[in-house]
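Chains A and B are the protein sequences, given in the same order.
Quick note on numbering: the first sequence equals residues 9 to 296 in our numbering.
Quick note on numbering: the second sequence equals residues 319 to 641 in our numbering.
Working notes for the structure below.
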Amino acid sequence: MSAPTETALGLTESRSVGGRILKAVIYLLVLTVFAGPLLALLVGAFGHIKDPTQLSVVPKGFTLDNFRIAFDQGVLKYLLNSFFVVGFGLLLQVVVSVLAGYALARKVFPGMTLALVAILATLMLPEEILALPLSVILSDLPVVHFNLIGTLAGMIVPLGAWGFSILVMTEFMKDVPRELEEAARIDGAGDLRIFAQIILPMCKPALGVIGVFGFTMIWDQYLLPLLVSTDSSSYTLPLALRTLRIDPAVTPGVVMAASLLALLPSVIVFLFFQRSFVSGLSSGALKG
Amino acid sequence: MSLDQAEPAARAAAGSAPREPALRGGGTAGRRGRSRRSGRWWTPWLFLAPALLLFLYFKFIPMASALTMSFQDVQPYLGNRWVGTENYATVLQSHGFREAAWHTVVLAVGETVGAMSLGFALALLMEGQSRRLGFVRSAAFLPVVVPLAVVAELWRIMYHPTGDGMLNSVLGLVGAGPSGFINDPDTSMASIMLTGIWRGAPYDMMIFLAGLTSVDRGLYEAAKVDGASRWQRVWYVTVPGLRSVFSILFILAAIRGLRVFTEVFLLTNGGPNGSTEVVMTLIYKLGLEQNRLGVGAAGAVLLFVATLILTIIVQLLRRRESK
Chain A
9 MSAPTETALG
19 LTESRSVGGR
29 ILKAVIYLLV
39 LTVFAGPLLA
49 LLVGAFGHIK
59 DPTQLSVVPK
69 GFTLDNFRIA
79 FDQGVLKYLL
89 NSFFVVGFGL
99 LLQVVVSVLA
109 GYALARKVFP
119 GMTLALVAIL
129 ATLMLPEEIL
139 ALPLSVILSD
149 LPVVHFNLIG
159 TLAGMIVPLG
169 AWGFSILVMT
179 EFMKDVPREL
189 EEAARIDGAG
199 DLRIFAQIIL
209 PMCKPALGVI
219 GVFGFTMIWD
229 QYLLPLLVST
239 DSSSYTLPLA
249 LRTLRIDPAV
259 TPGVVMAASL
269 LALLPSVIVF
279 LFFQRSFVSG
289 LSSGALKG
Chain B
319 MSLDQAEPAA
329 RAAAGSAPRE
339 PALRGGGTAG
349 RRGRSRRSGR
359 WWTPWLFLAP
369 ALLLFLYFKF
379 IPMASALTMS
389 FQDVQPYLGN
399 RWVGTENYAT
409 VLQSHGFREA
419 AWHTVVLAVG
429 ETVGAMSLGF
439 ALALLMEGQS
449 RRLGFVRSAA
459 FLPVVVPLAV
469 VAELWRIMYH
479 PTGDGMLNSV
489 LGLVGAGPSG
499 FINDPDTSMA
509 SIMLTGIWRG
519 APYDMMIFLA
529 GLTSVDRGLY
539 EAAKVDGASR
549 WQRVWYVTVP
559 GLRSVFSILF
569 ILAAIRGLRV
579 FTEVFLLTNG
589 GPNGSTEVVM
599 TLIYKLGLEQ
609 NRLGVGAAGA
619 VLLFVATLIL
629 TIIVQLLRRR
639 ESK
């Protein structure tokens, strides 16, 4: 036993027989409730499920038919659309956030408070509330007069700037020691160079945080693609699940196969970058 | 975040310019020296430009246009007509909107309270360092990263209303059911809430776990010495220590609850019989299916005002508490 870490309930440290049994029961219950449905989805995607009542966590037989039928229904196309949106959306979001974070963290300039207030205000304006005017504006962007309805670009650019990512980057960039920047300035480096070669390389952990959160945020988008897409050629995978379900010729097994493809990317990203995810959760929520 | 934090540091950086050690932080010569090295006054704005431009296009212009649309009869191709507060009157007097607002509040409160209590219980039960515990926690966290659309489709299948549906079989084991779940107006709201809690509780659990690490261990020891029971320790030491976590989670969850859309849209789309119609599904139907954009925009503005008021109230309460 290592150093005793006291917990609020003291259950974790309990070494008695009763405590051990209680712990095992609780862990099992938690796993069943929270991971059980996802396990059923995994089993169902590879099973012969013709009817919703056949859903179960116990595998009966193994088949790839669900995936074959799903691909015949165009799921591969939807998956590629989703990857396109998340790839370019995340790229844009990260570039925009590091640039804005650099200005807010390393510069003092007139109007800075105004810029900060504007960015904080956007956190109060989620897509849901702006849905109707956004759909109007996307069909005819002011000044430039592009119509983004029915295009994947229409699902990407509105997510390009995200207040959360900018604030995380700003907080992190503030902690990079001034001495490094000064030394570079003495050597005659300009802002772009300092930004790209000094500040950015020091911010890898923060890049991990905004990368992971940006990925899950964009991958989970539903209302925006719903507003933007006009026909199935521009559906993302989450959007296509409903169309699949409504089609009477498609069995629940096929819907589950497509659902599995829709959840795997975000689960994989979470499992690989769990540390970034958890640190971002606590910093984002606790700093308010 | 505040200016006063950044300023001394920036001054130090400006003052450290080589061969000008006397010009610390001010003076026209110093400023000129700095502008040569660290760019001109508009350099920061250049770095901020992409973010501000995108926010202008996709946050501020839409918000302004929601406000104007809410006072107009929006007619594409025919030109909009100013109607004053007529849209607001229509919205506020409509039975459907009031029903939807009530459903939204019920759903938001139910999900917030449910997810927070369950999340707090889970955090207490699974606080600790062991590797096995870490595995259980990660597995329990999975619902949070699963896309909402997948959550909804999966729960639709689990909610299958016949006796041999997945959740009905579980109910059957304890002698209850079968329930119609999302297909029965009496249980449809509770079913959506249950799905929301399933996805929200692990998120709250993670935040509580992060908060628990900052509770002073010495206080637990002291409470033990004073003969406090396990529950007294939780109630008098842990809960007060987590007060700010509780209030932050509450406001985040309540605001998220007010603008709930995707899970309701996919699980019931407001049905059966309007029993789960929430503000956002109603706005969606008004604006995009019936093309009554003005009325929909008025509803959206009211929703925005509600979230704004909620945020301000919680902020005021927190400020008063911390004084």
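Glycine is no exception: its CB is placed at the ideal position from the N, C-alpha and C atoms.
With a threshold of 9 Å between beta carbons, is Ser-213/A in contact with chain B?
On the first sequence, position 205 is the one that residue 213/A refers to. It is Pro, not Ser, that sits at residue 213/A in the sequence shown. It does not; no Cβ of chain B falls within 9 Å.
Taking 9 Å as the CB-CB cut-off, is Ser-412/B touching chain A?
The sequence position of residue 412/B within the second sequence is 94, counting from 1. Judged by the 9 Å Cβ criterion, Ser-412/B is not in contact with chain A.
Contact set between Pro-590/B and chain A, taken where Cβ atoms lie within less than 9 Å
Sequence index remark: in the second sequence, residue 590/B carries index 272 (1-based). What Pro-590/B touches in chain A: nothing, since even the nearest Cβ is about 17 Å away.
With 9 Å set as the bound, which would you pick, yes or no: does the beta-carbon of Ala-508/B sit closer than that to a beta-carbon of chain A?
As a first step, residue 508/B must be located in the second sequence, where it is residue number 190. By this cut-off, Ala-508/B is not an interface position.
Would you check if the distance between the CB atom of Ser-237/A and the CB atom of Leu-247/A is smaller than 9 Å?
The sequence position of residue 237/A within the first sequence is 229, counting from 1. The sequence position of residue 247/A within the first sequence is 239, counting from 1. The answer is yes: Cβ separation under 9 Å.
Tell me the DSSP secondary structure of Trp-227/A in three-state form.
Stepping through the first sequence from its first residue, residue 227/A is reached at position 219. Helix, per DSSP.
Quick check: what's the CA-CA separation for Val-557/B versus Leu-160/A?
Locating residue 557/B in the second sequence gives position 239, counting from the first residue. Locating residue 160/A in the first sequence gives position 152, counting from the first residue. Their backbone Cα atoms lie some 47 Å apart in a straight line.
Interface residues of chain B facing Ala-48/A [CB-CB closer than 9 Å]:
Counting from 1 along the first sequence, the entry for residue 48/A is found at position 40. Within chain B, the residues near Ala-48/A are Leu-472, Ile-475, Met-476, Met-484.
Alpha helix (DSSP H) containing Trp-359/B: first to last residue?
By one-based count along the second sequence, residue 359/B stands at place 41. Neither: Trp-359/B is in no alpha helix (DSSP H) and is coded neither H nor E.
Identify the residues that DSSP records as bridge partners of Gln-390/B: which are they?
Within the second sequence, the letter at position 72 stands for residue 390/B. Beta-bridge analysis with DSSP links Gln-390/B to Trp-400/B.
Status (buried if at least 16 other CB within 10 Å, exposed otherwise) for Leu-231/A
Taking the first residue of the first sequence as 1, we reach residue 231/A at position 223. Burial call: buried.
Looking at the C-beta of Phe-564/B, does it have a partner C-beta in chain A at a distance below 9 Å?
In the second sequence, the residue the question calls residue 564/B occupies position 246. Cβ-Cβ to chain A under 9 Å: no for Phe-564/B.
Straight-line gap, Leu-252/A to Trp-227/A (C-alpha atoms, nearest Å):
For the purposes of this step, residue 252/A is identified with residue 244 of the first sequence, where counting begins at 1. For the purposes of this step, residue 227/A is identified with residue 219 of the first sequence, where counting begins at 1. In a straight line, the C-alpha of Leu-252/A is about 19 Å away from that of Trp-227/A.
Looking only at its own chain, which residues have a Cβ that is under 7 Å from the Cβ of Leu-466/B, when we skip the five neighbours before and after it?
Counting from 1 along the second sequence, the entry for residue 466/B is found at position 148. Thr-580, Glu-581, listed in sequence order.
Is it the case that the Cβ atoms of Phe-438/B and Asp-522/B are separated by a distance below 9 Å?
Working through the second sequence from its first residue, we reach residue 438/B at position 120. Working through the second sequence from its first residue, we reach residue 522/B at position 204. Contact: yes.
Would a check of beta-carbon distances place Pro-209/A closer than 9 Å to chain B?
The count along the first sequence starts at 1 and reaches residue 209/A at position 201. Using a Cβ-Cβ cut-off of 9 Å, Pro-209/A does not count as an interface residue toward chain B, since no Cβ of chain B sits closer than that to its own.
8 Å Cβ cut-off: residues of chain A touching Phe-415/B
The residue labelled residue 415/B in the question sits at position 97 within the second sequence. Here the premise fails: no neighbours, minimum Cβ distance about 15 Å.
Tell me the rounded alpha-carbon separation between Glu-417/B and Glu-595/B.
Stepping through the second sequence from its first residue, residue 417/B is reached at position 99. Stepping through the second sequence from its first residue, residue 595/B is reached at position 277. Rounded to the nearest angstrom, the two C-alpha atoms are 8 Å apart.
Output yes or no for whether 9 Å exceeds the beta carbon distance between Leu-611/B and Leu-140/A.
Position 293 of the second sequence holds residue 611/B. Position 132 of the first sequence holds residue 140/A. Yes. Within cutoff.
Taking the continuous alpha helix (DSSP H) assigned at Met-132/A, which residues delimit it?
Counting from 1 along the first sequence, the entry for residue 132/A is found at position 124. Counting along the chain, Met-132/A falls outside any alpha helix (DSSP H), and DSSP gives it neither H nor E.
Run through the stretch 502-549 of chain B for me and flag every whole alpha helix (DSSP H) of 4 or more residues, listed as ranges in chain order.
506-530, 535-543
List, in order along the chain, the chain A residues whose C-beta lies closer than 8 Å to that of Leu-611/B?
As a first step, residue 611/B must be located in the second sequence, where it is residue number 293. Within 8 Å Cβ-Cβ: Leu-140, Val-144.
Rounded to whole angstroms, what's the CA-CA distance from Val-102/A to Leu-39/A? Just pull it up for me.
Against the first sequence, residue 102/A aligns to sequence position 94. Against the first sequence, residue 39/A aligns to sequence position 31. Here the alpha carbon of Val-102/A sits roughly 35 Å from the alpha carbon of Leu-39/A.
Just verifying my parser: in three-state terms, what is the DSSP assignment at Met-444/B?
Translated into positions along the second sequence, residue 444/B becomes position 126. Three-state DSSP puts Met-444/B in coil, outside helix and strand.
Could you name the residues of the same chain whose beta carbon sits closer than 7 Å to that of Ile-206/A, not counting the 5 residues immediately before and after it, in chain order?
Numbered from 1 along the first sequence, position 198 holds the residue referred to as residue 206/A. Leaving aside the five residues that flank Ile-206/A on each side, the residues in its chain whose CB is nearer than 7 Å to its CB run, in chain order, Leu-188, Glu-189, Ala-192.
Could you give the DSSP three-state label for Thr-556/B: helix, strand or coil?
The residue you call residue 556/B lines up with position 238 of the second sequence. Reduced to three states, the DSSP call for Thr-556/B is helix.
Helix, strand or coil: which one does DSSP assign to Val-462/B?
Here the question's residue 462/B lines up with position 144 in the second sequence. In the three-state reduction of the DSSP assignment, Val-462/B falls in the helix class.
Classify Asp-73/A as helix, strand or coil using the three-state DSSP reduction.
Taking the first residue of the first sequence as 1, we reach residue 73/A at position 65. The answer is helix: DSSP assigns Asp-73/A an H, G or I state.
Contacts around Leu-570/B, its chain only, beta-carbon distance under 6 Å, and the 5 residues preceding and following it disregarded
Looking up residue 570/B in the second sequence gives position 252. Contacts found: none.
Identity of the residue in Val-66/A, Pro-233/A, Thr-71/A nearest Ala-265/A by Cα
Translated into positions along the first sequence, residue 265/A becomes position 257. It is Thr-71/A whose Cα lies nearest to the Cα of Ala-265/A.
Cβ closer than 9 Å: which chain A residues qualify as neighbours of Glu-639/B?
The residue given as residue 639/B occupies position 321 in the second sequence. Residues of chain A passing the Cβ test: none, with the nearest at roughly 14 Å.
Please list, in chain order, all residues of the same chain as Phe-221/A whose beta carbon is under 6 Å from its beta carbon, the five residues on each side excluded.
As a first step, residue 221/A must be located in the first sequence, where it is residue number 213. The answer, listed in chain order, is Gly-288.
Under 7 Å Cβ to Cβ from Ile-218/A, same chain only, skipping five residues before and after it: list those, please.
The residue labelled residue 218/A in the question sits at position 210 within the first sequence. Closer than 7 Å at the Cβ level, and outside the excluded window around Ile-218/A, lie Val-102, Ser-105, Ser-173, Val-176, Met-177.
Locate the alpha helix (DSSP H) running through Ile-194/A, then write down its first and last residues.
Working through the first sequence from its first residue, we reach residue 194/A at position 186. For Ile-194/A, the enclosing alpha helix (DSSP H) stretches over residues 186-194.
Going by alpha carbons, who is nearest to Leu-138/A out of Arg-548/B, Arg-517/B, Met-381/B?
By one-based count along the first sequence, residue 138/A stands at place 130. Leu-138/A has its Cα closest to that of Met-381/B, out of Arg-548/B, Arg-517/B, Met-381/B.
Backbone CA spacing between Ile-57/A and Thr-430/B [nearest angstrom]
In the first sequence, counting from the first residue as 1, residue 57/A sits at position 49. In the second sequence, counting from the first residue as 1, residue 430/B sits at position 112. Near 35 Å, if we compare the C-alpha coordinates of Thr-430/B and Ile-57/A.
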